[in-house]
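Student: In mature numbering (1 follows the signal peptide of the UniProt record, and there is no 0), the protein residues as written are -21 to -1, 1 to 67.
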Amino acid sequence: MGTAAAAVAACAVCCAAPLIAVLGAIGAAATVAAVWVPALAFVAVAALLGAVVIRRRRRAACQTVVGPVDLNLPTLRNHRDPATPTSR
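See below:
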């Protein structure tokens, strides 16, 4: 029984610090998560509002003019074909 008690004591001394560190890290992560979740909600709402604003701007920029549009086509001129000989 003395050997078993020594093994348990050695395990407790060896593994106690890493186990306490892991439990402390889990507690710290939970504390950060308690603050982080509302921050994520804020970021999600800001991203949604940004998407709506960008969509409205693009829609306004892509609207066409109602009615006929002047295309400014070139006028017809007397065209001379360079392959045709000129007569004087």
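All residues carry an ideal CB built from backbone N, CA and C; glycine is no exception.
Helix, strand or coil for G46 per DSSP?
Tutor: Here residue 46 refers to the residue found at position 67 of the sequence shown. Three-state result, G46: coil.
Student: In this structure, how does DSSP classify R59 when only helix, strand and coil are distinguished?
Tutor: Residue 59 sits at position 80 when you count from the first residue of the sequence shown. Note: R59 maps to coil in three-state DSSP.
Student: Between A39 and A18, what straight-line distance do the alpha-carbon atoms span, to the nearest angstrom?
Tutor: Here the question's residue 39 lines up with position 60 in the sequence shown. Here the question's residue 18 lines up with position 39 in the sequence shown. Rounded to the nearest angstrom, the two C-alpha atoms are 32 angstroms apart.
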